[in-house]
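**Q** At the far end of the sequence shown sits residue 806, using my numbering, and the numbering has no gaps.
All C-beta atoms, glycine included, are put in the ideal place defined by N, C-alpha and C.
Structure below; questions to follow.
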Amino acid sequence: MTLVFKSGQRRPETASRTAFVLSGGGNHGCAQVGMLKALLERGYLPDVVIGTSAGALNGSGVAANPSLRGVEHLATVWSALRTEHIFPGGRFGRAWSLLSGGDHLYSNAGLAGLIDRMAPASKFSELLVPLRVVACDLATGEEVVLASGPLKPALLASAALPGSFPPVLHDHRTLVDGGVVDNVPLSHALAGPVDRIFVLNVSGGVADAPVRNPLDVVLRAFAIARNQRFERELSNATPTVEIVVLPRPADGRSPFDFSGAETIIDEAHILASRFLDARSPSHDRPRRRFRRATAA
511 MTLVFKSGQR RPETASRTAF VLSGGGNHGC AQVGMLKALL ERGYLPDVVI GTSAGALNGS
571 GVAANPSLRG VEHLATVWSA LRTEHIFPGG RFGRAWSLLS GGDHLYSNAG LAGLIDRMAP
631 ASKFSELLVP LRVVACDLAT GEEVVLASGP LKPALLASAA LPGSFPPVLH DHRTLVDGGV
691 VDNVPLSHAL AGPVDRIFVL NVSGGVADAP VRNPLDVVLR AFAIARNQRF ERELSNATPT
751 VEIVVLPRPA DGRSPFDFSG AETIIDEAHI LASRFLDARS PSHDRPRRRF RRATAA
């Protein structure tokens with residue numbers, strides 16, 4: 511079991527360091543809640559959490575309260591979430607936004623409300639576990655990692671899907687969704703002093719979902735391109751760090767469908783629990799390069 515130490519406490523030299531990496535994935539992010547529950551039930555606690563987009567939101571929740579109670583709170587938030595909470599106005603609203611101009615289709619007010627419900631902390635420094643949030647600088651294309659200062663604008667920026675939500679002016683930059691540049695921020699975990707990394711990648715659900723409209727085509731192509739970077743980083747990872755890629759449940763919902771989250775959370779919990787229980791005790795030591803699950 512990896513222990514979380516408060517600032518000022520000395521960490522035992524023999525303790526292993528564990529990172530949780532949470533990908534983006536929009537409404538598929540609810541599956542990460544089931545994965546987190548399985549991890550915490552088995553005593554795996556993060557020393558650092560790194561997230562992009564929806565993964566950053568979930569990451570803020572577990573970083574604020576790294577306990578089963580904290581995960582249950584995330585499950586409650588996701589289960590109550592509906593499309594109109596995040597994407598208000600429906601098709602008519604989207605059409606009007608397109609006709610009236612501007613740089614986005616939806617206000618991020620609903621997203622801001624979701625952030626308030628997920629993580630009560632207002633600053634990174636108030637979190638119990640260090641959090642790294644990935645965003646993209648719209649002007650330069652640079653990958654930006656936010657780890658200090660106010661939490662809410664960082665999360666809004668990381669989840670600001672281009673075209674759907676407005677870019678966020680923060681820290682003298684114009685920021686958008688971190689998934690544009692790094693949807694599964696594995697490299698940032700590998701850059702730190704860690705022995706084991708649990709990857710909660712749900713972005714594959716976007717790539718597997720049926721294509722129903724032009725937006726689905728864009729999102730699917732986007733997901734395929736982003737996942738290629740993750741596969742390269744995974745194959746080139748140092749062999750001294752164990753990388754555990756948790757399985758994800760099948761999720762064929764459209765990007766605008768937030769119903770049924772409770773079922774997906776339960777399915778993700780069952781899959782992750784079985785997978786973690788099947789690991790031999792030797793996998794708790796950083797010997798193998800990575801272990802991954804077969805996609806559901």
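#1: If you follow the beta strand (DSSP E) that residue 561 is part of, which residue opens it and which one closes it?
#2: Residue 727 by DSSP, collapsed to three states: which one?
#3: Apart from the five residues on each side of it in sequence, which residues of its chain come closer than 7 Å, Cβ to Cβ, to residue 656?
#4: How many Å lie between residue 609 and residue 564 at the Cα?
#5: For residue 689, does the three-state DSSP call read helix, strand or coil?
#6: Hey, how far is the Cα of residue 768 from the Cα of residue 568?
#7: What's the gap between the Cα of residue 737 and the Cα of residue 545?
#8: Look at the alpha carbon of residue 789 and the alpha carbon of residue 537, and state the distance between them as a whole number of angstroms.
#9: Can you tell me the Cα-Cα spacing of residue 555 and residue 528, whole angstroms?
#10: Roughly how many angstroms separate the alpha carbons of residue 785 and residue 587, rounded to a whole number?
#11: I think residue 669 touches residue 566, with their Cβ atoms under 8 Å apart; what is that distance to the nearest whole Å?
#12: Over what stretch of residues does the beta strand (DSSP E) that includes residue 656 continue unbroken?
#13: Using a Cβ-Cβ cutoff of less than 6 Å, which residues in the same chain neighbour residue 709 once the five nearest sequence positions on both sides are dropped?
#14: Among residues of its own chain, excluding the 5 on either side of residue 683, which ones have a beta-carbon nearer than 6 Å to its beta-carbon?
#15: Excluding five sequence neighbours on each side, which residues of the same chain lie with their C-beta closer than 6 Å to the C-beta of residue 773?
#16: Buried or exposed: where does residue 753 fall if 16 or more other Cβ atoms within 10 Å of its Cβ makes it buried?
#17: Could you compute how far the alpha carbon of residue 672 sits from the alpha carbon of residue 733?
#18: Identify, in the order they occur along the chain, each residue of the same chain with its Cβ nearer than 7 Å to the Cβ of residue 660, setting aside the five sequence neighbours on each side.
#19: Give the straight-line distance between the Cα atoms of residue 696 and residue 761, rounded to the nearest whole angstrom.
#20: Roughly how far, in whole angstroms, is the beta-carbon of residue 547 from the beta-carbon of residue 591, given that I think they are within contact range, below 8 Å?
**A** The answer reads as follows:
#1: Where residue 561 is concerned, the enclosing beta strand (DSSP E) stretches over 558-562.
#2: Look at residue 727 here: in three-state DSSP terms it is helix.
#3: Result list for residue 656: 643, 645 and 664, in chain order.
#4: Only weak support is given to the placement of residue 609: the predicted model assigns it a pLDDT of 44, under 50, and the value that follows is read from those uncertain coordinates. Straight across, the Cα-Cα distance linking residue 609 with residue 564 is about 28 Å.
#5: Correct three-state label for residue 689: helix.
#6: Rounded to whole angstroms, residue 768 and residue 568 show a C-alpha spacing of 15 Å.
#7: The alpha-carbon atoms of residue 737 and residue 545 are separated by roughly 19 Å.
#8: C-alpha of residue 789 to C-alpha of residue 537: approximately 29 Å in a straight line.
#9: For residue 555 and residue 528, the distance between alpha carbons rounds to 7 Å.
#10: Counting only the Cα atoms, residue 587 lies some 26 Å from residue 785.
#11: Going by Cβ atoms, the distance from residue 669 to residue 566 rounds to 7 Å, so yes, they are a contact pair.
#12: Segment 653-656, the beta strand (DSSP E) holding residue 656.
#13: In its chain, beyond the 5 residues on either side, 531 and 755 have a beta carbon closer than 6 Å to the beta carbon of residue 709.
#14: Only 647 meet the Cβ criterion.
#15: Once the five neighbours on either side are set aside, residue 773 has no close Cβ partner at all.
#16: That one is buried.
#17: Residue 672 and residue 733 have their C-alpha atoms roughly 14 Å apart.
#18: Here the set comprises 632 and 633.
#19: The alpha-carbon atoms of residue 696 and residue 761 are separated by roughly 23 Å.
#20: The Cβ separation is near 17 Å, so there is no contact.
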